[in-house]
Amino acid sequence: MATATRAKKGYMVSPSPALTGAKLPSCKEVLAVVHFHHGNGATYKDAFKEVISEFLQFWERARIPTMRPDNILTKLEKIEQGYQLVKKNRHQEFKAQTKRESVFMEELEVFDVAHKDALSIMKIKEDKAFLVAQRQSGRLGYMGSIDVELARKEERSRKRRQVHEERRRQAQHLPTLASVAMGPGDSSSASASARAEESEEEFRVQQEQGAVGTSRGVSPPKRVKNVITSSLAATLDRTNVSDRGAVFLLTEAARAFGHEPEKVNINRSSIRRYRQKHLAVVRLTAKGGLEDE
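Under UniProt numbering, residues 1 to 293 are what the sequence shown spells out, in order.
Here's what the structure looks like:
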């Protein structure tokens, strides 16, 4: 008679369409939703994904950091395997089976997927106390209503972290723009060619300046005016302009604005040096913003 009643309700776990309540879901509640989806035609894999997506909302609402989704899936699969093992011997009315059922039911408390350092990561005392209470027998305590002001602060903090992360990513990406544009096979040869062309170009410039200085009997003019700003360096990187291409662009731009190119600091080595300098500043700024967070 007892077996017939169990069959109607489900063996130890009755299927349920959704997770409800103001506590962190228990293993039993999670399995109930898994069995509901599986009973309606879903594979266990799809049922696991569906219930994980659903119950993680409870943990997010409680502001408790969780383990990675793949680790959560592994844990849920082990619980389901344990359930199936106990269920397999459900018709055996032996003491060993009764003990297995009792032990398994005791393990069906809160489905704990908290990050291993959750209590250290969490800042709010009430949230820490709630997690500790939920881990106890009976899952003591309830989640309160959402703190609107706190939610706004957390959202602003999240957006700041995204901005800092984007800046850091862009700073790391800048030095690889040129190599990506050339292709992976050309980077080493292009680098060697660039160094050779740079040396050749600077030697030619020095020769021309020396010839001018000798013919006039004066020293060659010094390039004292720097035109590479942080904005210009960033623009050159974003537009994939090589150091050599920047020399031609800046030389013609100087002429167009009425400047004498020989009096402006325009050569490949200087352009490269200033671009690397401004890139280092961007990285430090992004790193400092993350540390302040």
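In this text, a Cβ means the ideal position worked out from N, Cα and C, and glycines have one as well.
Quick caveat: nothing in here was measured; it's all calculated off a predicted structure.
Counterpart residues of residue i in DSSP-defined beta bridges
i: residue 123; result: According to DSSP, which records beta bridges pairwise, residue 123 is partnered with nothing at all.
i: residue 235; result: Beta-bridge pairing links residue 235 to no other residue.
i: residue 26; result: 110
i: residue 225; result: 264
Integer Cβ distance of residue i from residue j, believed to fall under 8 Å
i: residue 113; j: residue 139; result: Their Cβ separation, rounded to whole angstroms, is 14 Å, which puts residue 113 and residue 139 out of contact at 8 Å.
i: residue 164; j: residue 233; result: With a Cβ gap of about 21 Å, residue 164 and residue 233 do not count as contacting.
i: residue 236; j: residue 275; result: 6 Å
i: residue 268; j: residue 247; result: 6 Å
i: residue 74; j: residue 115; result: Between residue 115 and residue 74 the Cβ distance is about 15 Å, and since that is not below 8 Å, they are no contact.
i: residue 64; j: residue 131; result: 5 Å
i: residue 264; j: residue 227; result: 6 Å
i: residue 360; j: residue 104; result: Here the chain comprises residues numbered 1 to 293, so residue 360 is not present and cannot be evaluated.
CB contact check: residue i to chain E, cutoff 8 Å
i: residue 168; result: Included in the structure is just one protein chain, with no chain E present.
Which of helix, strand or coil DSSP assigns to residue i
i: residue 209; result: Note that residue 209 has pLDDT 49, beneath the 50 cutoff, so the model's placement of it is unreliable and the number below is only indicative. Residue 209: helix per DSSP, three-state reduction.
i: residue 241; result: coil
i: residue 264; result: strand
i: residue 259; result: coil
i: residue 31; result: helix
i: residue 169; result: helix
i: residue 16; result: coil
i: residue 136; result: coil
i: residue 39; result: helix
i: residue 142; result: coil
i: residue 274; result: helix
i: residue 281; result: helix
i: residue 11; result: coil
(message) Could you tell me which whole alpha helix (DSSP H) segments of length 4 or greater appear in the stretch 43–119?
(response) Within the stretch 43–119, the alpha helix (DSSP H) runs of at least 4 residues that lie entirely inside it are, in chain order, 44–61, 69–88, 95–107.
(message) I'd like to know if the stretch 20–32 and the stretch 69–85 are in contact, where contact means that at least 3 CB-CB pairs between them fall below 8 Å.
(response) yes
(request) Spell out a yes or no on whether the stretch 15–26 and the stretch 46–61 are touching, meaning 3 or more CB-CB pairs, one atom from each, closer than 8 Å. (result) yes
(request) State whether the stretch 87–107 contacts the stretch 32–45, with contact taken as three or more CB pairs (one from each stretch) at a distance under 8 Å. (result) no
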